[in-house]
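Beneath this line is the structure, given in structure tokens, with notes to follow.
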Amino acid sequence: MDPIELAKCVKEYAMAKVGFDLVGVASASDPQFDIAPQGHKPTEWLSDARSVVVGGKKVLAEILQTTPSPIYSKHYDQLNEWLNEAGYQLSRFLQELGYKAMWFPESDPYTYFVEQRRAGMEAYSPSFCHIHSAVAAGLGVRGKVGVVLTPQFGPRQRWMTVITTAPLAPDPKFEEELCLERIAPGSCGDQCVEICKTQGSAALRPWPEEGGVDMYKCNWGRSKARGLSCGMCISVCPVGIE
Numbered sequence: 061m062d063p064i065e066l067a068k069c070v071k072e073y074a075m076a077k078v079g080f081d082l083v084g085v086a087s088a089s090d091p092q093f094d095i096a097p098q099g100h101k102p103t104e105w106l107s108d109a110r111s112v113v114v115g116g117k118k119v120l121a122e123i124l125q126t127t128p129s130p131i132y133s134k135h136y137d138q139l140n141e142w143l144n145e146a147g148y149q150l151s152r153f154l155q156e157l158g159y160k161a162m163w164f165p166e167s168d169p170y171t172y173f174v175e176q177r178r179a180g181m182e183a184y185s186p187s188f189c190h191i192h193s194a195v196a197a198g199l200g201v202r203g204k205v206g207v208v209l210t211p212q213f214g215p216r217q218r219w220m221t222v223i224t225t226a227p228l229a230p231d232p233k234f235e236e237e238l239c240l241e242r243i244a245p246g247s248c249g250d251q252c253v254e255i256c257k258t259q260g261s262a263a264l265r266p267w268p269e270e271g272g273v274d275m276y277k278c279n280w281g282r283s284k285a286r287g288l289s290c291g292m293c294i295s296v297c298p299v300g301i302e
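Numbering follows our numbering, in which position 60 of the sequence shown is assigned residue number 120; successive positions increment by one, without gaps.
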């Protein structure tokens with residue numbers, strides 16, 4: 061199959077058989093990965109990687125509205141478990157087509173070492189940045205606090221990334237701005253920042269592009285929520301609300 065047909069085949073499998081709500085493809089050499097944190101480039105994990113397949117699964121807005129709560133924490137864990145299994149299934153499918161493939165846990169054990177912070181490295185960093193992958197695959201744009209905004213669900217989805225040697229045709233970038241605060245400053249009142257359990261903009265930090273969260277402070281905020289998954293910033297975002 062040529063790259064276009066192969067990409068179509070993989071995306072159809074990911075949605076129809078695996079069950080992703082959103083699927084996109086990016087080149088392993090996409091510029092988004094140049095601005096990703098150290099160790100988050102596809103070729104740093106698979107030296108001959110050619111493509112990145114990204115799948116998204118919707119977060120149920122009704123459950124999200126209860127956060128911080130035990131029911132949302134369970135839903136968060138449920139989605140992570142589903143995404144991990146889905147990543148394995150999609151990787152196996154690519155391997156059966158004759159290509160190398162590997163997936164990354166949605167929320168793997170975060171690394172936090174004092175030495176990392178002293179060296180200016182990312183703390184509480186997962187093995188691979190699904191945010192950069194989703195933007196590279198044309199599924200959405202970066203929001204004010206670093207999460208990906210999609211036209212379908214706003215910030216209410218979680219992601220899985222598979223890197224592969226398969227030569228897949230990449231999807232075009234999503235060019236439309238979705239963040240209401242960027243479109244018309246003051247229109248949404250920076251709700252995602254204001255509701256942040258870590259005292260608002262104190263959790264924001266500079267990124268190579270606008271948007272981002274200091275994950276150390278974000279996880280500190282989670283501890284303030286009695287150890288429950290927080291999600292407050294995405295619960296109040298008006299983007300994607302029907």
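Glycine residues also receive a C-beta, built at the ideal position from the N, C-alpha and C atoms.
Three-state secondary structure (DSSP) of residue i
i              : result
serine 187     : coil
leucine 209    : strand
leucine 82     : strand
alanine 109    : coil
arginine 265   : In this prediction, arginine 265 scores a pLDDT of 49, lower than 50, which makes its location untrustworthy; the coordinate-derived value is nonetheless stated afterwards. Arginine 265: coil per DSSP, three-state reduction.
arginine 202   : strand
threonine 221  : strand
valine 195     : helix
methionine 75  : helix
methionine 162 : strand
serine 133     : helix
valine 114     : strand
serine 151     : helix
serine 33      : Only positions 61 to 302 of the chain appear in this structure, which leaves residue 33 out of reach.
Beta-carbon contacts of residue i that lie in its chain and below 7 Å, excluding the five residues immediately before and after
i            : result
glutamate 72 : none
alanine 88   : Pro102, Thr103, Ala109, Arg110, Ser111, Val112 and Ile223
proline 298  : Leu240 and Cys248
Among the options, nearest to residue i - alpha-carbon criterion
i              : options                           : result
serine 187     : Gly203, Ala86 and His100          : His100
glutamate 238  : Leu139, Leu199 and Ile223         : In the sequence as displayed, the identity of residue 238 is leucine instead of glutamate. When each option's Cα is compared against that of leucine 238, the closest is Leu199.
tryptophan 142 : Ser129, Gly115, Ile123 and Leu66  : Gly115
isoleucine 191 : Asp108, Tyr136 and Ile95          : Ile95
glycine 206    : Ala244, Cys189 and Thr127         : Cys189
alanine 146    : Leu120, Thr221, Gly246 and Ile64  : Thr221
lysine 352     : Phe234, Tyr132, Trp105 and Leu139 : Residue 352 cannot be examined here, being either before or after the span of the chain that is shown, 61 to 302.
glutamine 149  : Tyr136, Phe164 and Asp137         : Phe164
proline 91     : Cys293, Pro230 and Cys290         : Pro230
Contact belief for residue i with residue j at Cβ below 8 Å, rounded distance in angstroms
i              : j             : result
glutamate 305  : lysine 204    : Because the chain is modelled from 61 through 302, residue 305 falls outside the range shown and cannot be assessed.
valine 296     : glutamine 251 : 4 Å
isoleucine 121 : alanine 196   : In the sequence as presented, isoleucine is not what sits at residue 121; that position holds alanine. Rounded, the Cβ-Cβ distance is 26 Å, inconsistent with contact.
methionine 292 : threonine 127 : 6 Å
Neighbour flag for residue i against chain D, beta carbons, 8 Å
i          : result
valine 114 : Within the model displayed, chain D is absent; a lone protein chain is all it includes.
Neighbourhood of residue i by C-beta, 6 Å cutoff - its chain only, sequence neighbours within 5 removed
i           : result
leucine 154 : Ala161, Thr224 and Ala226
Stretch pair the segment 74 to 94 + the segment 212 to 227: three plus CB contacts closer than 8 Å | Verdict: yes, contact present.
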